[in-house]
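According to the numbering used here, the sequence shown holds residues 10 to 139 in order.
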Amino acid sequence: MSETVTRTSGISRWNLDPAHSQVEFGVRHMMISTVKGSFDELEGEVELNGDDFAQSRVSVEIDASSIDTGNEDRDQHLRSEDFLDVDEFPALSFRSTKVEGTEDSFRLPGDLTIRGETREVVLKGKLLGG
């Protein structure tokens, strides 16, 4: 991440650095295997509130066409209307709604939007570095 706004009132805003950020997933396939993959192009912002970590926020936009499962035929199918429909819905997005826990171990409830449909999900994480 690279800091983009001077710290004020305990709040730091950071842009995600796509070269050092990852969006990875795993999906069960036919109940016997897990297909793993990633999205290679994203942008986003993290707002850390040092005075009250629970008031921190994350927002991420993901280029749906950058999906990569290591199999180009499968990736083309996932980009099609059958799955992500990247021509109609070029981006996926995540917006946190709150932060639960501490910097060492936290949960990040938020809204994930795929194909124009939004659902609440919970991400797990920990703050590394700086």
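Glycine is no exception: its CB is placed at the ideal position from the N, C-alpha and C atoms.
A straight-line Cα-Cα distance of about 18 angstroms links Phe103 and Glu97. In the three-state reduction of the DSSP assignment, Phe103 falls in the strand class, which pools E and B. When DSSP assignments are scanned along the region 58 to 123, the uninterrupted stretches of beta strand (DSSP E) that are 3 or more residues long and fall wholly within it turn out to be 66 to 72, 100 to 105, 109 to 111, 114 to 123.
Contact annotation: Leu117 and Leu132 have beta-carbon atoms nearer than 8 angstroms. One alpha carbon belongs to Asp94, the other to Arg83, and they sit about 14 angstroms apart.
Within the same chain, and ignoring the five residues on either side of Glu112 in sequence, the residues whose Cβ sits closer than 8 angstroms to its Cβ are Phe62, Lys135, Leu136.
The C-beta distance from Leu25 to Gly53 rounds to 4 angstroms, short enough to meet the 8 angstroms contact threshold.
When the Cα atoms are used, Val55 and Ile41 turn out to be separated by approximately 36 angstroms.
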